[in-house]
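Remarks on the structure that follows.
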């Protein structure tokens, strides 16, 4: 499931708050994909864009 949401905080604060919420709720961070970095690697510029993949394994 993909959830997209606007935040009242800047990018870095939002990322840090999400990572803390994941940890505080006993969830596992399986991966973090930095699309802005990947875009930069091929000569493109996009705003900070990160996908966090997390969950609770059975």
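In the UniProt record's numbering, the protein residues as written are 1 to 58. In this text, a Cβ means the ideal position worked out from N, Cα and C, and glycines have one as well. Computed from a predicted model, the values in this text were never measured in an experiment.
Residue i and residue j closer than 8 Å at C-beta
i, j, result
"residue 50", "residue 17", "no"
"residue 46", "residue 35", "yes"
"residue 32", "residue 2", "no"
"residue 11", "residue 57", "no"
Which listed residue (the options) has its alpha carbon closest to that of residue i
i, options, result
"residue 55", "43, 30 and 4", "30"
Paired residues, beta bridge with residue i - DSSP
i, result
"residue 34", "50"
"residue 55", "28"
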